[in-house]
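Going by this note's numbering, the letters in the sequence shown line up with residues 639 to 1013, in that order. Down below is the structure, laid out as structure tokens.
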Amino acid sequence: MGDEFTPSALAAGPVLELAPYLPGKPLADLEREYGIVDAIKLASNENPYKLPESVQAAVIDGLNDLQLYPDGAGFELRAALAQQLGVPAAGITLGNGSNDILVLLAETFLTPQVNAVYDQYSFVVYRLAVQATGATARIASSRPRDHEQPLSHDLDAMLALVDRDTRLVFIANPNNPTGTWVDRDNLYRFLQKLPGHVIAVIDEAYHEYARGNDFPDACEWLGEFPNLVVTRTFSKAYGLAGLRVGYGLSSPAIASLLNRVRQPFNVNILGQRAALAALDEQAWVTRCCMESCAERSRLGNGLANIGIASLPSRGNFLLAEVPDAAAVNEFLLQQGVIVRPVANYGLENYLRISIGSPPENDRCLRALAAFAATR
Ligand SMILES: *Cc1c(COP(=O)(O)O)cnc(C)c1O
């Protein structure tokens, strides 16, 4: 009695080492804090275009069934994905966003005795998922700024970190926050060299934006590499970030392990219905991606015109190089434009700008030009 209660003394060790995920600033927060209306958010790589009627109708129809648990096995959605991707449904694991799949992989394969490998500037969720298990993170240096693919994954450096105790290697393709990518030949050679006791997790959250002959579709190699897992999401090109639906593709043997750890009802009813409807809207998805890619070039050129370099990107975002990123970010917030500071990635001199609609991108460029004019 009377002793002070200190929950941190009770927490599992690795939890104390975690830094919480920093999301893009919500629009409502900015408007409340700065007394602004009509702010725009280019901070979370969301699809800026309006969803097809069919997807909205599927969600509205789902409202009739909210008293029911969702189908825990996601039968219909997995069947539709299997058909579309030409993979067995038994190798598909649905997730509450693909973030869920990344965490399931860590929970399934990592312990404090083993390690996982990822790149220095890769998606921060790898670090969070690995650290939470108490496993060791072995972090590969990215290519240098003056490389022809600046800040991209160095696959040889990653392979060099693999040892007997490595269980997972994460590769985001394209990577967030850099926008960099690994081409088909290099990724294939990497998978060939990776020892069989290591699972390669190829995170294809931005796959739909990155089409091109040189660009791999790692799904094609699932039959060849039983230690391959590909993760995809409905949050980006499919425009369903708010509903949280992603999936992992793997051998049925890996899927059955993930399924033991997975929460039974991890994907909600509205998410399952919307994702199913969105799969039937391929023409819309393709159009969104084409428009975002065209806007990505336009935004990149607009940035260059005001003296801001950005990295080559195959995602729906650009990593812009601004020496005074914190000041630029603050100025943009005052102008009602939310972008993403990436200092938490160790990228203090950069801001990540999601590709918005044409008027949103124009507004971002105008705000950046206004900042340049203050200097
Ligand atoms: C956005 C993103 C994800 C996953 O997002 P979910 O909404 O959880 O599907 C996964 N990987 C990368 C690299 C991302 O940028």
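Quick reminder that beta carbons are idealized off the backbone N, C-alpha and C, glycines included. Being a predicted model, the structure only gives us computed values, none of them experimental.
Per DSSP, the bridge partner or partners of residue i
i	result
threonine 804	Asn753
arginine 936	DSSP lists no partner for arginine 936.
alanine 958	Ser948 and Leu989
valine 599	Residue 599 lies beyond the stretch modelled for the chain, which goes from 639 to 1013, so this question has no answer here.
isoleucine 840	Ile809 and Val868
threonine 816	Partner(s): none; threonine 816 has no beta bridge.
threonine 731	Gly886
glutamate 774	Checking the sequence shown, residue 774 turns out to be threonine, not glutamate. Partner(s): Asn753.
CB contact flag (residue i, residue j, <8 angstroms)
i	j	result
alanine 773	leucine 748	yes
alanine 916	tyrosine 876	yes
tyrosine 764	threonine 816	no
leucine 878	alanine 912	yes
arginine 870	serine 736	yes
valine 975	leucine 989	no
valine 960	isoleucine 944	no
leucine 941	leucine 949	no
arginine 822	aspartate 852	yes
glutamate 846	cysteine 931	no
arginine 952	tryptophan 819	yes
asparagine 987	proline 979	no
proline 652	threonine 771	yes
valine 725	leucine 860	yes
leucine 806	alanine 778	no
Close beta carbons around residue i, own chain, < 6 angstroms, minus the five adjacent residues each side
i	result
leucine 723	Cys857
tyrosine 756	Tyr764 and Phe808
glycine 994	Leu680 and Pro686
leucine 665	Ala677 and Lys679
heavy atom of ligand 1 below 7 angstroms from residue i C-beta
i	result
aspartate 757	no
glycine 662	no
asparagine 683	yes
serine 736	yes
glycine 884	yes
phenylalanine 853	no
alanine 754	no
alanine 843	yes
lysine 874	yes
alanine 1005	no
asparagine 943	no
alanine 879	yes
phenylalanine 808	no
threonine 871	yes
asparagine 987	no
Beta-carbon proximity list for residue i, same chain, < 8 angstroms, skipping 5 on both sides
i	result
tyrosine 659	Val762, Val763 and Leu766
glutamate 655	Gln769
glutamate 1021	Here the chain covers residues 639 to 1013 and nothing more, so residue 1021 does not appear.
Other residues of its chain near residue i: CB distance less than 7 angstroms, five sequence neighbours each side excluded
i	result
aspartate 738	Gly884 and Asn904
arginine 781	Gln787, Pro788, Leu789, Ser790 and Asp792
alanine 657	none
C-alpha gap between residue i and residue j, whole angstroms
i	j	result
leucine 704	proline 902	17 angstroms
leucine 866	glutamate 842	13 angstroms
arginine 925	glutamate 919	10 angstroms
leucine 895	glycine 938	43 angstroms
histidine 835	alanine 650	28 angstroms
proline 628	alanine 696	Nothing about residue 628 can be reported from this structure: the residues present for the chain run from 639 to 1013 only.
arginine 783	valine 868	28 angstroms
leucine 854	threonine 731	In the sequence as displayed, the identity of residue 854 is proline instead of leucine. Approximately 21 angstroms between the Cα atoms of the pair.
glutamate 998	alanine 893	40 angstroms
leucine 1003	tyrosine 844	23 angstroms
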